[in-house]
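**Student:** Residue numbers (numbering that gives the first Met the number 0): 0 to 590.
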Amino acid sequence: MSKQTYSFCFCFRRRFSLPVSEAPPEIRTLFDRYSDENGIMTASHVRSFLVEVQKEESVTEEEAQAIIDGHKHLSIFHRRGLNLESFFNYLFSSNNNPPLSPSLGVHQDMSSPLSHYFIYTGHNSYLTGNQLSSDCSDVPIIKALQKGVRVIELDIWPNESKEDVDVLHGRTLTSPVALIKCLRSIKQYAFVASEYPVVITLEDHLTPDLQAKVAEMITQTFGDILFSPGSESLKEFPSPKSLKRRIIISTKPPKEYIEAKEVQEKGEGSQKEKPVDDEEAWGKEVPSLRGGTISDHKNIEDEDDLDNEDDTDEAEYSRQNASDEYRRLIAIHAGKPKGGLTECLKVDPDTVKRLSLSELQLEKAAETHGKEIIRFTQRNILRVYPKGTRIASTNYNPLIGWMHGAQMVAFNMQGYGRSLWLMQGMFKANGGCGYVKKPDFLLKTGLNNEVFDPKARLPVKKTLKVTIYMGEGWFHDFKHTHFDQYSPPDFYARVGIAGVPYDTVMKKTKSVEDNWSPSWNEEFKFPLSVPELALLRVEVHEYDMSEKDDFGGQTCLPVWELRSGIRAVPLYSRKGEKYHNVKLLMRFEFI
0 MSKQTYSFCF CFRRRFSLPV SEAPPEIRTL FDRYSDENGI MTASHVRSFL VEVQKEESVT
60 EEEAQAIIDG HKHLSIFHRR GLNLESFFNY LFSSNNNPPL SPSLGVHQDM SSPLSHYFIY
120 TGHNSYLTGN QLSSDCSDVP IIKALQKGVR VIELDIWPNE SKEDVDVLHG RTLTSPVALI
180 KCLRSIKQYA FVASEYPVVI TLEDHLTPDL QAKVAEMITQ TFGDILFSPG SESLKEFPSP
240 KSLKRRIIIS TKPPKEYIEA KEVQEKGEGS QKEKPVDDEE AWGKEVPSLR GGTISDHKNI
300 EDEDDLDNED DTDEAEYSRQ NASDEYRRLI AIHAGKPKGG LTECLKVDPD TVKRLSLSEL
360 QLEKAAETHG KEIIRFTQRN ILRVYPKGTR IASTNYNPLI GWMHGAQMVA FNMQGYGRSL
420 WLMQGMFKAN GGCGYVKKPD FLLKTGLNNE VFDPKARLPV KKTLKVTIYM GEGWFHDFKH
480 THFDQYSPPD FYARVGIAGV PYDTVMKKTK SVEDNWSPSW NEEFKFPLSV PELALLRVEV
540 HEYDMSEKDD FGGQTCLPVW ELRSGIRAVP LYSRKGEKYH NVKLLMRFEF I
């Protein structure tokens, strides 16, 4: 057993042992149950364990033997089977025993209309940092695509000479990047992480001649992979399967864009709140949705009230003769009709569209029109975007969008924090392809035309029992004085559910003092009324008596794809990057 020494008070040293990870008591008990009198698990024993404990009913004895053979290269290998050490080694290997099945891949039906899927969506995808003064670049676009993001947003403006087109966050200090550079990067990286379609949403601030130039850029850059249905609106969205490796353009038809832009500017002019950074680093908890409101946001006025749209001068529109070529590129038409929220949410049986609402507009709309939003999203696409005061590129609770059927819950991907961890957790599902099929209850109506009510307290469908045994890997992935200058860390874990309001909860283990490989051996039960929208949240922190607790890793996993049984759960950094060694040994049971 190795030792670690810490300097203390500059005058003497404290020495701590670095214990080798040992199998928790429950793992030892299971090994005794599934091994022979000589303490060996043969292929037959391994198969019984996989079927009865891991709930892998279809596993064969040959596959069990392959697990045994996979330990041949280790000094702990026994030719007849697994001993306790190799059994524990197998269970605690995140490569061999992860919480989500790597063999599942894209397993959901991908032949339904786009409106039937949650889609991994970025907001202001070109920004490298904050919303006011950071650089614009194609680099964050590339990073987003490499992570599987399927919707890229570009704000397009005339450049300084008014002869070309830049991408930038208008009326801010952000520095521009050329549109053509962004388009070429999208083409190069669009399908490295997923073969399913990429949607480019354009916020258009251009004159008709520059719109024609953009049409030419897009057509020449993407060529045959561009999906362009022509000038007429679609009657139903195509499926992700039919649009594999295709690029889709979505924006407001020019006339509608000018109208909405003027209204938004009026709304923003009355904004009273100062910009606030309300989710500094990882520390702020995801806002609660209990009762249909997000408590942190109650005092901020809406940015562009849907019920305050004024008539504008029709002659202004007649002077804007939009490029026909540009108009024909638009596959997913966006816009807000006059008449307020009720008119916006009307479902037209002959056409489909995209509606955009800020997080605050959605929160307000959900109070009075929750069921109408769900009916709208059964055929049409709803995009939700961050409120304008999120200067530091923070995010909101995505469940407010998902539980109302919103397909495009747009996030600032360049930041980090708990809200973004939920987004990353959702899109680990379905093979990480960027499209997750919405639950049936969000897609169907009942016999009396009733739809899912996100506010209702529903009966429990199933209970998830989570046991968190132990963790390891921090000693290898962190500096040895990262958590504490004078002693090993005091780790505790937080485990909980993000989901519909009545399923959402967080619980906490005890702190284990002075140990790089903490053993908690604690069990938690989570009753779930809507498991189809539940995400398992796991965080590890190091207790600090005098300062803010230190961060030790996190992950977020879709409950509906969790593998039952004992699993090795890898943890990720605040920025969503997987650690090399940090992992937890956990058990998942559905009861």
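Ideal placement from N, C-alpha and C gives every residue a C-beta, glycine not left out.
#1: Work out the CA separation of alanine 455 and leucine 527 for me, nearest whole Å.
#2: Starting from the Cα of valine 164, find the closest Cα among Ile66, Thr206, Asn94, Pro286 and give me that residue.
#3: Pick helix, strand or coil for glycine 445, following the three-state DSSP scheme.
#4: Going by CA-CA distance only, name the one from Leu29, Phe477, Asn396, Ile179 that's closest to glutamate 358.
#5: For the stretch 144-152 against the stretch 406-416, are there 3 or more C-beta pairs whose distance is under 8 Å?
#6: Is the CB-CB distance between glycine 400 and valine 52 below 8 Å?
#7: Can you look up asparagine 580 in the DSSP assignment and give me helix, strand or coil?
#8: State the DSSP-derived secondary structure class of aspartate 304, mapped to helix, strand or coil.
#9: Three or more C-beta pairs closer than 8 Å, one from the stretch 552-569 and one from the stretch 528-535: is that the case here?
#10: Spatial neighbours of glutamine 484 within its chain, please: C-beta separation below 6 Å, excluding the five flanking residues on both sides.
#11: Does glutamine 210 come out as helix, strand or coil in the three-state DSSP assignment?
#12: Counting only the same chain and skipping the five closest in sequence on each side, list residues whose C-beta sits under 7 Å from that of tyrosine 183.
#13: Within its chain, find whatever has a CB closer than 7 Å to the CB of alanine 211; leave out the 5 residues flanking it on each side and keep chain order.
#14: Are the CB atoms of lysine 146 and alanine 192 nearer to each other than 8 Å?
#15: Under 8 Å, with one C-beta from each stretch per pair, do the stretch 223-239 and the stretch 108-118 reach the 3-pair mark?
#16: At the 8 Å Cβ level, is lysine 337 part of the contact set with chain B, yes or no?
#17: So proline 453 packs on methionine 402, CB below 8 Å; how close in whole Å?
#18: Report the partner residues of proline 157 according to the DSSP bridge assignment.
#19: To the nearest angstrom, how far is the alpha carbon of isoleucine 467 from that of threonine 376?
#20: Using the Cβ count rule (16 or more neighbours within 10 Å means buried), how would you classify isoleucine 590?
#21: Based on DSSP bridge pairs, tell me the residues matched to serine 92.
#22: Helix, strand or coil: which one does DSSP assign to alanine 143?
#23: Mapping DSSP to helix, strand and coil, what is serine 114?
#24: Could you check what DSSP says for alanine 520 in three-state terms: helix, strand or coil?
#25: Over the uninterrupted alpha helix (DSSP H) stretch that includes aspartate 323, give me the two end residues.
#26: Nearest-angstrom Cα distance between aspartate 502 and valine 383?
#27: Would you decide whether arginine 79 is buried or exposed? Buried here means 16 or more other CB atoms lie within 10 Å of its CB.
#28: Note down, in chain order, each residue of its chain lying with its Cβ closer than 7 Å to the Cβ of serine 133, except the 5 sequence neighbours on either side.
#29: Exposed or buried, glutamine 187, counting other C-beta atoms within 10 Å across all chains shown (16 or more means buried)?
#30: Just to confirm, are leucine 225 and proline 196 a CB contact at a threshold of 8 Å?
#31: From lysine 386 to isoleucine 373, what does the alpha carbon distance come to, in whole angstroms?
#32: In three-state DSSP terms, what is serine 174?
#33: Drop a sphere of 10 angstroms on the beta-carbon of aspartate 543, count the other beta-carbons inside from all chains shown, and report buried for 16 or more, exposed for fewer.
#34: Measure the CB-CB distance between arginine 461 and lysine 524 and report whether it falls below 8 Å.
#35: With respect to the beta strand (DSSP E) encompassing methionine 505, which residues constitute its N-terminal and C-terminal limits?
#36: Ignoring anything shorter than 3 residues or poking outside the stretch 417-476, list the beta strand (DSSP E) runs there in chain order.
**Tutor:** In short, the structure shows the following:
#1: Walking along the sequence shown from the start, residue 527 turns up at place 528. Walking along the sequence shown from the start, residue 455 turns up at place 456. Going by the C-alpha atoms only, they are around 13 Å apart.
#2: Walking along the sequence shown from the start, residue 164 turns up at place 165. Of the candidates Ile66, Thr206, Asn94, Pro286, the one whose C-alpha sits nearest the C-alpha of valine 164 is Thr206.
#3: Indexing the sequence shown from 1 puts residue 445 at position 446. Correct three-state label for glycine 445: coil.
#4: Residue numbering aside, residue 358 sits at position 359 when the sequence shown is read from its first letter. When each option's Cα is compared against that of glutamate 358, the closest is Asn396.
#5: yes
#6: The sequence position of residue 400 within the sequence shown is 401, counting from 1. The sequence position of residue 52 within the sequence shown is 53, counting from 1. Contact flag unset, no.
#7: Start at 1 with the first residue of the sequence shown, and residue 580 comes out as number 581. If DSSP states are grouped into helix, strand and coil, asparagine 580 belongs with the strands.
#8: Here residue 304 is taken as the residue at index 305 of the sequence shown, counted from 1. With a pLDDT of 45 at aspartate 304, under the threshold of 50, the modelled position of that residue is not reliable, and no figure is offered here.
#9: yes
#10: Translated into positions along the sequence shown, residue 484 becomes position 485. Excluding residues within five positions, none has a Cβ falling inside 6 Å.
#11: On the sequence shown, position 211 is the one that residue 210 refers to. Residue state, collapsed to three classes: helix.
#12: Along the sequence shown, read from residue 1 onward, the residue named residue 183 stands at position 184. Tyrosine is not the amino acid found at residue 183; the sequence shown has arginine there. These residues qualify, in order along the chain: Thr220.
#13: Position 212 of the sequence shown holds residue 211. Result list for alanine 211: Ser322, Glu324, Tyr325, in chain order.
#14: Here the question's residue 146 lines up with position 147 in the sequence shown. Here the question's residue 192 lines up with position 193 in the sequence shown. Contact flag set, yes.
#15: yes
#16: Of the protein chains in this structure there is only one, and it is not chain B.
#17: Numbered from its first residue, the sequence shown carries residue 453 at position 454. Numbered from its first residue, the sequence shown carries residue 402 at position 403. Right, their Cβ atoms sit about 4 Å apart.
#18: Taking the first residue of the sequence shown as position 1, residue 157 is located at position 158. In the DSSP output, where bridge partners are listed per residue, proline 157 has Val164.
#19: On the sequence shown, residue 467 is found 468 positions in, with the first residue counted as 1. On the sequence shown, residue 376 is found 377 positions in, with the first residue counted as 1. Rounded to whole angstroms, isoleucine 467 to threonine 376 spans 38 Å at the Cα level.
#20: Position 591 of the sequence shown, counted from the start, is the residue given in the question as residue 590. Classification of isoleucine 590: exposed, given that the 10 Å Cβ count is below 16.
#21: Counting from 1 along the sequence shown, the entry for residue 92 is found at position 93. None, per the DSSP bridge assignment.
#22: In the sequence shown, residue 143 corresponds to position 144, counting from 1. Helix, per DSSP.
#23: Residue 114 sits at position 115 when you count from the first residue of the sequence shown. Three-state result, serine 114: helix.
#24: Residue 520 sits at position 521 when you count from the first residue of the sequence shown. According to the sequence shown, residue 520 is asparagine rather than alanine. It is a strand residue.
#25: Counting from 1 along the sequence shown, the entry for residue 323 is found at position 324. Unbroken alpha helix (DSSP H) run through aspartate 323: 323-328.
#26: Start at 1 with the first residue of the sequence shown, and residue 502 comes out as number 503. Start at 1 with the first residue of the sequence shown, and residue 383 comes out as number 384. If you take the alpha carbons of aspartate 502 and valine 383, they lie about 22 Å apart.
#27: In the sequence shown, the residue the question calls residue 79 occupies position 80. Looking at its Cβ environment, which holds fewer than 16 other Cβ atoms inside 10 Å, arginine 79 is exposed.
#28: Residue 133 sits at position 134 when you count from the first residue of the sequence shown. Once the five neighbours on either side are set aside, the close Cβ partners of serine 133 are Leu126, Thr127, Thr173.
#29: If you number the sequence shown from 1, residue 187 lands on position 188. Flag for glutamine 187 reads exposed.
#30: As a first step, residue 225 is located in the sequence shown; it is residue number 226 there, counting from the start. As a first step, residue 196 is located in the sequence shown; it is residue number 197 there, counting from the start. No, they are not a contact pair.
#31: Locating residue 386 in the sequence shown gives position 387, counting from the first residue. Locating residue 373 in the sequence shown gives position 374, counting from the first residue. Using only the alpha carbons, I get a separation of about 21 Å.
#32: Residue 174 sits at position 175 when you count from the first residue of the sequence shown. Three-state result, serine 174: strand.
#33: Position 544 of the sequence shown, counting from 1, holds the residue named residue 543. Flag for aspartate 543 reads exposed.
#34: Here residue 461 refers to the residue found at position 462 of the sequence shown. Here residue 524 refers to the residue found at position 525 of the sequence shown. The amino acid occupying residue 461 in the given sequence is lysine; arginine does not appear at that position. Result no, Cβ atoms of lysine 461 and lysine 524 do not sit closer than 8 Å.
#35: Translated into positions along the sequence shown, residue 505 becomes position 506. Methionine 505 -> beta strand (DSSP E) spans 504-507.
#36: 434-436, 461-471
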